[in-house]
Every structure is written in structure tokens, then in C-alpha cells.
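One structure below.
In the numbering used here, the protein residues as written are 11 to 239.
Right under this line is the structure:
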């Protein structure tokens with residue numbers, strides 16, 4: 011039996027087999043596609059939570075007033091003096107104004123014939139401070155020389171004159187840092203006596219760091235420069 015006769019005798023069976031396998035293939039292919047669609051992972055969506063904006067610290071008026079200001083020691087001293095003088099002037103003006111207001115209220119409340127009907131009331135004696143001698147706090151710069159020692163207190167001089175110039179004071183400092191002795195050694199001033207006294211007073215109030223290795227009495231200088239107001 012040749013191949014041609016084999017196909018003719020079994021044509022229906024062969025075709026049926028082919029159709030059956032093609033149907034299985036199509037069915038298998040359809041199932042495969044459906045399975046692939048189900049296996050595809052859904053789109054991954056990542057939501058980023060909105061980060062809260064950090065609140066800026068509110069700066070109160072009192073904080074603004076505490077902000078550091080770059081001032082020299084001299085400027086700080088001068089400002090403190092000016093503020094003290096201003097406070098004294100305001101306090102005096104406030105007292106006078108209050109006294110005037112009290113007198114005005116008494117005038118309005120008293121009747122026209124108060125001298126005849128009302129008893130005379132003694133007014134309490136007013137106590138006023140005696141005027142103080144005026145002192146000047148002009149701009150002053152202070153420099154010092156004391157080998158291997160540093161200042162712990164170097165006050166500005168207070169003086170009662172309006173002169174200007176430079177006063178150099180020689181100082182003797184103990185190991186504890188106290189000024190033991192002070193003498194004016196150089197004067198370049200329009201009012202030598204007044205400014206020299208102020209410089210000496212300020213020098214004796216100065217202090218330096220304690221040093222056990224320093225000489226028992228260490229020599230140095232402090233120079234005060236008084237500027238004309």
C-alpha cells in the first residue's frame with residue numbers, strides 16, 4: 011500500500027484529527043491570552059503625602075528687642091548713661107504734670123466762697139532734691155598693657171569737665187588682679203587736673219585676671235583718651 015492510497019482510505023480520519031487538534035490549539039490559545047490578561051499586575055500608583063510646611067517661628071516684639079546689637083563697650087556705657095538721664099528727666103516731668111493736675115482738680119471742686127466756709131487745709135510740704143553737681147560722660151576709649159594678663163573689669167572714667175585729651179596711667183597689679191598703685195605718667199589734655207583725677211579713679215577700679223605665676227607686683231599702663239563732646 012502506497013501513501014496515496016493510505017490518505018484516500020483514511021482522509022476523513024486525518025481531517026477529523028487535524029480539525030480536532032486545531033480546535034484544541036485555538037481553545038488553548040484563548041485560555042492562555044485570558045490568563046495573561048489576569049496576571050498582568052494593575053498599575054502601581056504611589057501617592058506621596060503632602061509634607062506639612064514647617065511653621066516659621068513668630069518673632070514677638072519683645073524678642074526683637076533682645077536681638078544682639080554689635081556695640082563696643084564704650085557705646086554700651088554711653089547708651090546706658092543717656093538712658094538713665096532720659097529716665098530722670100521723664101520722671102521729673104511726670105511729677106510736675108501730676109502736681110498741676112491735682113491743683114487743677116482742687117480749683118474746680120472748690121466753691122467760690124471757699125475762703126469763708128471751708129477751713130484752711132495745710133498742704134504737706136513738698137520735698138525736692140537739691141540740685142546735684144553736673145557730671146559729664148563723654149565718649150572715652152581705654153587701652154591697656156599688662157604682659158600676659160587680661161582685663162576682667164576696665165570701667166570708663168566719670169568726670170566733671172568738658173575737656174579732651176589723653177591721660178596715661180602707670181599701674182601696679184597684684185597676683186590677684188587688683189590695682190595696687192596707680193600714677194599719672196603722661197598728660198596731653200586741655201584740662202589736665204580734671205581728666206587726670208578721673209583717669210586715676212577709673213584705674214584703681216580696674217581688675218585683671220588672677221595669675222599665681224605673675225610677679226608679686228606687675229607693672230603696666232592704662233591709657234584713657236577723652237574726646238571732646
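Just so it is clear, CB atoms sit at the ideal spot from N, CA and C, and this is done for glycine as well.
Best match in the options for proximity to residue i [C-alpha to C-alpha]
{"i": "residue 180", "options": "213, 224, 150, 26", "result": "213"}
{"i": "residue 163", "options": "169, 28, 153, 174", "result": "153"}
{"i": "residue 9", "options": "22, 37, 234, 45", "result": "Outside the shown range of the chain, which is 11 to 239, sits residue 9, and nothing can be said about it."}
{"i": "residue 237", "options": "151, 218, 209", "result": "151"}
{"i": "residue 197", "options": "169, 171, 27, 178", "result": "178"}
{"i": "residue 168", "options": "14, 23, 186, 211", "result": "211"}
{"i": "residue 172", "options": "43, 208, 35, 185", "result": "208"}
{"i": "residue 185", "options": "160, 27, 224, 202", "result": "224"}
Cβ pair residue i, residue j closer than 8 Å
{"i": "residue 156", "j": "residue 183", "result": "yes"}
{"i": "residue 165", "j": "residue 216", "result": "yes"}
{"i": "residue 200", "j": "residue 230", "result": "no"}
{"i": "residue 158", "j": "residue 187", "result": "no"}
Outcome for residue i when other beta-carbon atoms lying within 10 angstroms are tallied against a minimum of 16
{"i": "residue 189", "result": "buried"}
{"i": "residue 232", "result": "buried"}
{"i": "residue 95", "result": "Any reading at residue 95 must be qualified, since the residue scores a pLDDT of 46, below 50, and its modelled position is unreliable; no value is offered."}
{"i": "residue 226", "result": "exposed"}
{"i": "residue 228", "result": "buried"}
{"i": "residue 222", "result": "exposed"}
{"i": "residue 192", "result": "buried"}
Simplified DSSP assignment, three categories, for residue i
{"i": "residue 179", "result": "strand"}
{"i": "residue 160", "result": "coil"}
{"i": "residue 201", "result": "coil"}
{"i": "residue 207", "result": "helix"}
{"i": "residue 220", "result": "coil"}
{"i": "residue 168", "result": "coil"}
{"i": "residue 213", "result": "helix"}
{"i": "residue 33", "result": "helix"}
{"i": "residue 23", "result": "helix"}
{"i": "residue 187", "result": "coil"}
Heavy atom of the ligand COA within 7 Å of residue i beta-carbon
{"i": "residue 176", "result": "With respect to the ligand COA, the structure offers nothing, as it holds no ligand at all."}
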